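Going down the list, the sequences are from chains G and B.
Under this note's numbering, residues 163 to 483 are what the first sequence spells out, in order.
Under this note's numbering, residues 3 to 265 are what the second sequence spells out, in order.
No residue lacks a Cβ here, since even glycine has one placed at the ideal position from N, Cα and C.
No experiment lies behind these values; they were computed from the predicted model shown.
Read the structure below first, then the notes.
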Amino acid sequence: MAIVAQSVTKRFGEFTALEDVSIEVAAGSLTALLGPSGGGKSTLLRVIAGLERPDAGRVLIEGEDMTRRPAQKREVGFVFQHYAAFKHMTVRENVAFGLRIRKRPRNEIRDRVNELLDLVQLTGLAERYPAQLSGGQRQRMALARALAVEPKVLLLDEPFGALDARVRKELRAWLRRLHDEVHVTTIFVTHDQEEAMELADQIVLMNAGHVEQVGGPRELYEEPANEFVMTFVGPVNRLGDEFVRPHDIELRLEPNGKSSSRATVERVLHLGFEVRVELRLEDGRELHAQVTREEAERLELAPGSEVFVRPRHTRVFALES
Amino acid sequence: MPKWALRLAGLSYLGVLLAAPVGLVFWRTFEHGVGPAWDSVTTPAAKHAFVVTVLIAAIAVPANTIFGVVCAIAIVRRRFIGKGIVNALVDLPLALSPVVVGLAFLLLYGRQGWFGSWFTDHGIQVVFALPGMVLVTIFVSLPFVVREVVPVLREIGTEQEQAASTLGASPFQTFARVTLPAIRWAVAYGVVLTTARALGEFGAVSVISGHIVGKTETMTLHVEERFQSFDYVGAYAASVVLALLAIATLLAMNLFRPNEATR
Chain G
163 MAIVAQSVTK
173 RFGEFTALED
183 VSIEVAAGSL
193 TALLGPSGGG
203 KSTLLRVIAG
213 LERPDAGRVL
223 IEGEDMTRRP
233 AQKREVGFVF
243 QHYAAFKHMT
253 VRENVAFGLR
263 IRKRPRNEIR
273 DRVNELLDLV
283 QLTGLAERYP
293 AQLSGGQRQR
303 MALARALAVE
313 PKVLLLDEPF
323 GALDARVRKE
333 LRAWLRRLHD
343 EVHVTTIFVT
353 HDQEEAMELA
363 DQIVLMNAGH
373 VEQVGGPREL
383 YEEPANEFVM
393 TFVGPVNRLG
403 DEFVRPHDIE
413 LRLEPNGKSS
423 SRATVERVLH
433 LGFEVRVELR
443 LEDGRELHAQ
453 VTREEAERLE
463 LAPGSEVFVR
473 PRHTRVFALE
483 S
Chain B
3 MPKWALRLAG
13 LSYLGVLLAA
23 PVGLVFWRTF
33 EHGVGPAWDS
43 VTTPAAKHAF
53 VVTVLIAAIA
63 VPANTIFGVV
73 CAIAIVRRRF
83 IGKGIVNALV
93 DLPLALSPVV
103 VGLAFLLLYG
113 RQGWFGSWFT
123 DHGIQVVFAL
133 PGMVLVTIFV
143 SLPFVVREVV
153 PVLREIGTEQ
163 EQAASTLGAS
173 PFQTFARVTL
183 PAIRWAVAYG
193 VVLTTARALG
203 EFGAVSVISG
213 HIVGKTETMT
223 LHVEERFQSF
233 DYVGAYAASV
243 VLALLAIATL
253 LAMNLFRPNE
263 ATR
């Protein structure tokens, strides 16, 4: 395991940010710390980096106990949400910073920086200052700066959080390709489940200072451990104690067995390939279903029309104590 | 209000209150040509006052710059007991009348004072001498660097410093390569204000120096002494020297200013 956190607890005054949290991250993997804000994921990342000192627990990087070691000596690359660019340095100087601190020879620094600028596609902007770059460019510079010192692990704290939606998508795809090329063990923090699902090999879902579930994207979606995971990783309908995903609701014009019930269509929303159907059951409960465009046309769905709904696949969770 | 009226109001305000008095000093100094003015600033007493003034500033400004930066970092970045008191104490010199400061130092370091007797026993003359004048000047010019640097430190936040530490920089390397460049304009402006205050200080220095001509007289005291002796050209000429010193400080700061267009 490249990174291990064992029973980490961290409090800020009265607030408990992390309560007995343990995770393991395999070498070369891309892991997402996913969860709502205030869930403790950024704190865990900062504890791993050495930017916060845990009140209890241990942090191991490549088998070495790092708990008491300052950030300066951990050899981690850290990327901040708001870039933390050195504003008085050019792009080149920013990327070279760690190498200069390590007093590497000039030629080596120049070659390494050129190589990295090429990797993050900033070659033409090397002599600019951060203020002259866009947000996406600044973040790529920050990534090159972190990678320059060949860190043992790369830690990204909401790396795309400050960017607009289009740039975010581009950088996401780009980060995935970069990781396939560079293969450095990477953990990134995000509150966006789509981002986590698209990028990560492993997702650690955190909430209220503890880990809810660890698993691959598919596992979290298909085998959620509890109600929180089920509702966080995708849209969901609640029918009493049962939870059902909108695409697991079957719509028919005739009744289909015992479990099917009559409902009235309230709204039909065309979202490109998918159609979202808002329904009201006879007992007044609301739910929404997700169907394909063809299916919606075949059923001639329109506000006011009557259909029979049957959940294909529901889930019940034991009450949490 | 129309734009031109606003401009006129602003310019006349500056003209009456700033430009006119300074201009008049220059005018009166050179009224009878450069000769008499030059003669009056090259008297032994005037030259000595000049040296004393520059010497005091040369000690007080670096002292307050180092203290100011360290103190600002402590106030913004550290948590310690009594931080509120330190923060309030820094502003004390702004609130106290310089004459009171001079008097307080006179009582403290005078022959009967708490510290004064120790210094007297060790043969060090503090009051009515240069050490006392340096001390009061440090006191009155202490807040400027702190007050300039604190808001800038708050604004830049800690992320750049944290980034530097994850990249392997020691606390000192982080300070020298990241923090200091980020606050350098605030420090520079604080230094200008500190220098101006140190050069122009009158009240506190007046009390503690004892006005010994040719020994403990600064430029400001020299101006007053010349004025009291009805040597107006001497007083004006010395004032011009003070004004030129201040202008030189501002120009020196501008020389270090990088090309703003690239930021």
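Local conformation of residue i per DSSP, three classes
i: G:P386; result: coil
i: B:Q164; result: helix
i: G:E341; result: As written in the sequence, residue 341 of chain G is His, which differs from the Glu given in the question. Here G:H341 sits in helix by DSSP.
i: G:T454; result: strand
i: G:L325; result: coil
i: G:M368; result: strand
i: G:N256; result: helix
i: G:P473; result: strand
i: G:N399; result: strand
i: G:F177; result: strand
i: G:F479; result: coil
i: B:Q127; result: coil
i: G:A188; result: coil
i: G:A218; result: strand
Where residue i falls, given that 16 or more other Cβ within 10 Å makes a residue buried
i: B:I77; result: buried
i: B:L252; result: exposed
i: B:M135; result: buried
i: G:Q375; result: buried
i: G:R334; result: buried
i: B:T264; result: Residue placement at B:T264 cannot be trusted, given a pLDDT of 41 that sits under 50; the coordinates are not used to answer.
i: B:N261; result: Low local confidence applies: a pLDDT of 48 at B:N261 is under 50, so the model's placement there is unreliable, with the coordinate-based value given in what follows. Exposed: under 16 other Cβ atoms inside 10 Å.
i: B:V72; result: exposed
i: B:F107; result: buried
i: B:P145; result: buried
i: G:E468; result: exposed
i: B:S143; result: buried
i: B:Y15; result: exposed
i: B:S241; result: buried
i: B:S42; result: buried
i: G:P267; result: exposed
i: G:N256; result: buried
i: G:K203; result: buried
Neighbourhood of residue i by C-beta distance below 7 Å, restricted to the same chain and skipping five residues each side
i: B:F32; result: A39
i: B:G112; result: G118 and V129
i: G:S483; result: Low local confidence applies: a pLDDT of 46 at G:S483 is under 50, so the model's placement there is unreliable, and no value is given.
i: G:R173; result: A179 and D217
i: G:E360; result: R334
i: G:R231; result: G212
i: B:I58; result: M135, V136, T139, A200 and T220
For residue j and residue i, believed in contact at Cβ under 8 Å, the rounded distance
i: B:V189; j: B:T67; result: 7 Å
i: G:S485; j: G:F470; result: Only positions 163 to 483 of chain G appear in the structure, and residue 485 of chain G is not among them; the question remains open.
i: G:R254; j: G:A288; result: 4 Å
i: B:T168; j: G:G239; result: 7 Å
i: G:V183; j: G:H353; result: With a Cβ gap of about 17 Å, G:V183 and G:H353 do not count as contacting.
i: G:A211; j: G:A233; result: 6 Å
i: G:L367; j: G:L196; result: 5 Å
i: B:G192; j: B:E150; result: 4 Å
i: G:L340; j: G:A306; result: At roughly 10 Å, the Cβ-Cβ gap does not stay under 8 Å, so G:L340 and G:A306 are not in contact.
i: G:V453; j: G:V437; result: 5 Å
Residues near residue i by beta carbon distance below 8 Å, same chain, minus five either side
i: B:P175; result: Just to set this straight, residue 175 of chain B is Gln in the shown sequence, not Pro. Only A166 meet the Cβ criterion.
i: B:V101; result: G205, A206, S208 and V209
i: B:A171; result: R179 and V180
i: G:G377; result: Q364, I365 and E385
i: B:T218; result: V54, F130, A131, L132, M135, S211 and G212
Same chain, Cβ closer than 6 Å to residue i, five either side skipped, listed in chain order
i: G:R474; result: D410 and E412
i: G:F405; result: M392, V398 and R477
i: G:F479; result: N388 and E389
i: G:M228; result: V221 and R236
i: G:R414; result: F470
i: G:G260; result: A310 and V311
i: B:E203; result: T139 and V142
Contact with chain C by residue i, beta-carbon distance below 8 Å
i: G:F322; result: Chain labels in this structure do not include chain C; the protein chains are G and B.
Residue i: CB within 7 Å of a non-hydrogen atom of the ligand ADP
i: G:D326; result: Ligands are entirely absent from the displayed structure, and the ligand ADP is therefore not among its contents.
Anything in the segment 251-276 of chain G with a Cβ closer than 7 Å to a Cβ of chain B? List those residues in chain order, please. Listed in sequence order: F259, G260, I263 and R264.
Mind listing which residues of the segment 302-318 of chain G have their C-beta closer than 9 Å to chain B's C-betas, in chain order? Near chain B, meaning a CB-to-CB distance below 9 Å, the residues of the segment 302-318 of chain G are A304, R307, A308, A310, V311, P313 and L317.
Closer than 9 Å between beta carbons: that is the criterion. Which residues of the segment 175-190 of chain B meet it against chain G? Going along the segment 175-190 of chain B in chain order, one finds Q175, T176, R179, V180, P183, A184 and R186 with a Cβ nearer than 9 Å to chain G.
Taking Cβ-Cβ distances below 8 Å as the criterion, which residues of the segment 223-243 of chain G are in contact with chain B? Residues P232, A233, Q234, K235, R236, E237, V238, G239, F240 and F242.
Members of the segment 188-220 of chain G that neighbour chain B once the beta carbon cut-off is set at 7 Å: Per Cβ criterion, the list reads A211 and L213.
Using a Cβ-Cβ cut-off of less than 8 Å, list which residues of the segment 160-171 of chain B approach chain G; keep chain order. Taking 8 Å as the Cβ-Cβ cut-off against chain G, the residues of the segment 160-171 of chain B that qualify are E161, Q162, Q164, A165, A166, S167, T168, L169, G170 and A171.
Mind checking the segment 347-362 of chain G against chain B and listing, in chain order, the residues whose C-beta falls within less than 9 Å of any C-beta there? Under the 9 Å Cβ criterion, the segment 347-362 of chain G contributes no residue.
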